[in-house]
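Number of protein chains: 2
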Amino acid sequence: MSTAERPIVAIDWGTTSLRAALLDAQGRAVEQHSAPRGILHVAPGDFPAVFHDVTAPWANLPDPLYLLCGMVGSRQGWMEAPYCPCPAGFGEIARSLAWIEPDRIAIVPGLSCEQDGVPDVMRGEETQVFGACGLLGIDDGLFVLPGTHSKWVRVERGRITGFSTFMTGEAYSLLRRQSILARTLPEADSPFDEAAFLRGLSYARATANLLRSAFSVRTLALLSRVEAPALESYLSGLVLGEELRSAAPAAGGGPLVVIASKELQARYALSLRSMGLQCHSVGEEAAWCGLHAIAKAVQQQP
Amino acid sequence: MSTAERPIVAIDWGTTSLRAALLDAQGRAVEQHSAPRGILHVAPGDFPAVFHDVTAPWANLPDPLYLLCGMVGSRQGWMEAPYCPCPAGFGEIARSLAWIEPDRIAIVPGLSCEQDGVPDVMRGEETQVFGACGLLGIDDGLFVLPGTHSKWVRVERGRITGFSTFMTGEAYSLLRRQSILARTLPEADSPFDEAAFLRGLSYARATANLLRSAFSVRTLALLSRVEAPALESYLSGLVLGEELRSAAPAAGGGPLVVIASKELQARYALSLRSMGLQCHSVGEEAAWCGLHAIAKAVQQQP
Chain A
38 MSTAERPIVA
48 IDWGTTSLRA
58 ALLDAQGRAV
68 EQHSAPRGIL
78 HVAPGDFPAV
88 FHDVTAPWAN
98 LPDPLYLLCG
108 MVGSRQGWME
118 APYCPCPAGF
128 GEIARSLAWI
138 EPDRIAIVPG
148 LSCEQDGVPD
158 VMRGEETQVF
168 GACGLLGIDD
178 GLFVLPGTHS
188 KWVRVERGRI
198 TGFSTFMTGE
208 AYSLLRRQSI
218 LARTLPEADS
228 PFDEAAFLRG
238 LSYARATANL
248 LRSAFSVRTL
258 ALLSRVEAPA
268 LESYLSGLVL
278 GEELRSAAPA
288 AGGGPLVVIA
298 SKELQARYAL
308 SLRSMGLQCH
318 SVGEEAAWCG
328 LHAIAKAVQQ
338 QP
Chain B
38 MSTAERPIVA
48 IDWGTTSLRA
58 ALLDAQGRAV
68 EQHSAPRGIL
78 HVAPGDFPAV
88 FHDVTAPWAN
98 LPDPLYLLCG
108 MVGSRQGWME
118 APYCPCPAGF
128 GEIARSLAWI
138 EPDRIAIVPG
148 LSCEQDGVPD
158 VMRGEETQVF
168 GACGLLGIDD
178 GLFVLPGTHS
188 KWVRVERGRI
198 TGFSTFMTGE
208 AYSLLRRQSI
218 LARTLPEADS
228 PFDEAAFLRG
238 LSYARATANL
248 LRSAFSVRTL
258 ALLSRVEAPA
268 LESYLSGLVL
278 GEELRSAAPA
288 AGGGPLVVIA
298 SKELQARYAL
308 SLRSMGLQCH
318 SVGEEAAWCG
328 LHAIAKAVQQ
338 QP
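These protein sequence lines are chains A and B, in that order. Residue numbering for the first sequence is 38 to 339, as defined by this note's numbering. Residue numbering for the second sequence is 38 to 339, as defined by this note's numbering.
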């Protein structure tokens with residue numbers, strides 16, 4: 038039977054959780070569900086059982102192709118899918134799949150790149166970037182995937198040519214909860230304060246150094262220049278601004294795409310506008326669209 | 038009796054510990070000792086008792102002047118000594134002492150400054166800077182006091198005109214122990230690796246963004262490009278390099294002075310040499326010399 042007609046079951050299997058979906062012919066999820074079974078929560082050897090559980094709703098489909106992406110392909114995952122070096126497009130990815138069961142279950146490899154003699158790696162984001170390209174109908178652009186470790190990904194002529202990681206989400210969390218600033222910030226989360234956030238963004242650009250700008254959270258509070266409930270948004274602006282001042286100018290007038298939840302889309306769009314930059318936004322459907330496109334590329338292989 | 042002949046007992050009373058010394062006429066410590074009784078370890082109301090304990094060896098001196106500096110003058114200390122705004126020299130400081138007992142026990146105020154509408158503050162470092170000026174016989178320069186929160190202090194014509202705080206030591210500690218990098222770094226401290234440290238310094242300058250450069254600790258380890266025992270020195274270079282790339286160029290050819298322990302003096306001197314900069318180094322005697330100079334300024338007041 039032609040693989041072109043096979044059902045595609047897509048799994049975005051990350052560090053803390055996973056999402057599984059049955060895709061239609063356009064790469065949209067027709068049925069989907071998620072589970073708190075990221076690779077940190079699966080004992081070695083238990084991956085087949087978890088896979089069986091999460092794909093149970095589709096067990097009776099005729100000859101499905103299961104395509105997985107994310108940390109499930111790391112050394113701590115189900116099976117290591119070695120990094121595919123950049124530049125990499127659908128062709129390189131499709132040839133580098135790690136097959137758990139021949140012609141049935143495969144893991145999309147992560148990508149690696151190198152700049153100034155220093156490597157960088159990602160797993161899962163490459164799939165979302167390809168998906169966003171398909172959703173927007175573009176072959177070139179700069180893509181940002183905000184998170185614990187934000188990725189900024191360059192696409193040229195449909196291939197990922199390089200990318201950079203910023204420890205933005207993790208740095209925010211460390212400063213918010215573990216540093217001396219935690220003593221100044223209210224313990225409970227405060228409502229988003231746009232003016233304080235924009236002030237943080239602006240000061241991040243002025244100082245061009247988070248080691249320096251971060252201390253202002255303490256001094257502004259100490260000297261009662263910023264009200265306590267606004268400090269969290271101010272810190273968020275400082276940390277996000279630190280990422281953007283280095284990464285965003287590389288868009289250079291070409292398409293700039295944010296792949297994120299609605300809340301982060303809004304925060305990035307606001308931040309980029311404050312720098313005079315426009316962006317497209319794509320949500321979690323990017324992973325499905327990317328896995329679907331990779332599945333199609335696999336089927337077109339000789 | 039003229040205060041010029043009074044014995045001076047100096048106390049550098051910080052967050053985690055304190056040091057007390059009897060000074061000679063040149064501002065050198067003739068007797069000194071330390072205690073783990075920083076302000077975090079003194080209950081409110083217990084400051085007089087701790088003071089009594091640490092000054093007991095000199096209780097029989099004729100009419101001593103006790104001069105204190107550091108966090109003991111903060112809101113959480115013995116008595117708040119309001120920040121003295123920059124520019125500030127001996128005159129401003131001497132007029133702004135917080136007297137706990139008239140003409141007997143005083144706390145040196147911290148300094149505040151403002152840049153781009155954002156305040157900065159310090160307590161204790163101002164005294165060390167004045168001391169270093171006296172020890173080196175200079176009235177102008179850029180002074181760095183490395184630490185949990187490093188201070189870079191500008192002195193012009195004998196007055197402190199401005200300063201900046203960098204959360205260098207704290208950021209290093211958070212990345213080293215609390216971040217994802219802690220999983221990659223050996224848990225025990227490794228011996229200093231100069232080549233790895235210099236590589237970190239260099240990459241900090243190349244990326245000009247610690248959010249980005251820090252992730253390289255993980256990728257270099259993951260792809261076996263740096264041996265595990267070298268990673269700690271590499272991270273130290275990244276974090277220190279992040280401070281230096283912003284702060285050190287402001288020396289602009291004038292004197293650059295490091296006030297620190299011998300170990301940190303060496304690390305800063307090495308780092309600055311790698312940027313083509315020379316520095317002077319001063320140790321813990323700076324606080325004694327500074328307190329002595331302030332005591333003399335107090336005695337010269339009308």
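Ideal Cβ placement from N, Cα and C applies to all residues, glycine included. These figures come from a predicted structure and were not determined experimentally.
Subject >> Listed by chain order, chain A residues near B/F252 by CB distance under 8 Å >> reply: D157, H186, T202, F203 and M204
Original post:
Among A/I175, A/T205, A/G174 and A/P228, which residue has its Cα nearest to the Cα of A/W189?
Top reply: A/T205
Subject >> chain B residues whose Cβ lies nearer than 7 Å to that of A/Q215 >> reply: L211 and Q215
Original post:
Is A/E280 near the ligand FAD, going by C-beta to nearest heavy atom under 7 Å?
Top reply: Because no ligand of any kind appears in the structure shown, any question about the ligand FAD cannot be addressed here.
Original post:
Where does B/M116 sit, in a helix, a strand or coil, going by DSSP?
Top reply: coil
Original post:
Hey, out of A/V46, A/F252, A/G313 and A/G75, whose CA is closest to A/A143's CA?
Top reply: A/V46
Original post:
Terminal residues of the continuous beta strand (DSSP E) containing B/R19?
Top reply: With chain B represented from 38 up to 339, any question about residue 19 of chain B goes unanswered, as that position is not in the structure.
**OP:** Output, in chain order, the set of chain A residues within a Cβ distance shorter than 9 Å of B/R262.
**Re:** G154, V155 and P156
Original post:
Leaving out the 5 sequence neighbours to the left and right, which residues in its chain are closer than 8 Å to A/P156 when beta-carbon positions are compared?
Top reply: S149 and C150
Subject >> Spatial distance of A/E269 from A/S227 (CA atoms) >> reply: 7 Å
Original post:
Would you say A/E68 faces chain B, with C-beta separation under 8 Å as the test?
Top reply: no
**OP:** Could you give the DSSP three-state label for A/V145: helix, strand or coil?
**Re:** coil
**OP:** Measuring only between beta-carbons, confirm whether A/E269 sits less than 8 Å from chain B.
**Re:** no
Original post:
Taking the C-alpha atoms as reference points, what is the distance between A/S289 and A/V254?
Top reply: Per the sequence presented here, residue 289 of chain A reads as Gly, with Ser not at that position. Rounded to whole angstroms, A/G289 to A/V254 spans 32 Å at the Cα level.
Subject >> Short-range partners of chain A found in the segment 222–248 of chain B, where Cβ spacing is below 8 Å >> reply: Y240, A243, T244, A245, N246, L247 and L248
Original post:
Anyone know if the C-beta pair for B/G278 and B/A241 falls short of 8 Å?
Top reply: yes
**OP:** With DSSP as the reference, label B/A245 as helix, strand or coil.
**Re:** coil
**OP:** List the DSSP bridge partners of B/C121.
**Re:** B/L148
Subject >> Buried versus exposed, by CB contacts within 10 Å (16 or more), A/R214 >> reply: exposed
**OP:** Please work out which residues of its chain come closer than 6 Å, Cβ to Cβ, to A/F203, disregarding the five sequence neighbours upstream and downstream, and give them in chain order.
**Re:** S187 and E280
Subject >> beta strand (DSSP E) runs contained entirely in the segment 164–218 of chain B, provided each spans 3 or more residues >> reply: 178–182, 187–193 and 196–203
Original post:
In terms of alpha-carbon separation, which member of B/W325, B/A287, B/E42 and B/C316 lies closest to B/L98?
Top reply: B/E42
Subject >> Meets three-Cβ-pair contact criterion under 8 Å: the segment 108–128 of chain B and the segment 68–82 of chain B >> reply: yes
Subject >> Cutoff 7 Å; reference A/T40; Cβ partners in own chain excluding five residues on either side >> reply: With a pLDDT of 45 at A/T40, under the threshold of 50, the predicted position of this residue should be treated as unreliable, though the coordinate-derived value follows. Within the same chain, A/T40 has close Cβ partners L102 and Q336.
Original post:
Is B/A225 buried or exposed, if buried means 16 or more other CB atoms sit within 10 Å of its CB?
Top reply: exposed
Original post:
Can you list the residues of chain A that B/T256 reaches, using a CB-CB cut of under 9 Å?
Top reply: S149, V155, P156, D157, V158 and T202
Subject >> 8 Å Cβ cutoff, A/S283 in contact with chain B >> reply: yes
Subject >> Bridge partner(s) assigned by DSSP for B/S71 >> reply: B/R56
Original post:
Are there 16 or more other CB atoms within 10 angstroms of the CB of B/T53, so buried, or fewer, so exposed?
Top reply: exposed
Original post:
For A/Q90 versus A/A324, is the C-beta distance shorter than 8 Å?
Top reply: Checking the sequence, you will find Asp at residue 90 of chain A rather than Gln. No, the Cβ-Cβ distance between A/D90 and A/A324 is not below 8 Å.
**OP:** Assign B/S270 to one of three DSSP states: helix, strand, or coil.
**Re:** helix
Original post:
Do the CB positions of A/L248 and B/L247 come within less than 8 Å of each other?
Top reply: yes
Subject >> Below-8 Å beta-carbon distance, A/A125 vs any chain B residue >> reply: no
Original post:
Exposed or buried, which one is A/D153 when buried takes at least 16 other CB atoms within 10 Å?
Top reply: exposed
Original post:
Near A/S216, which residues of its chain fall below 7 Å by C-beta distance, leaving aside the five closest residues on each side in sequence?
Top reply: none
Original post:
Taking Cβ-Cβ distances below 8 Å as the criterion, which residues of the segment 312–332 of chain B are in contact with chain A?
Top reply: none
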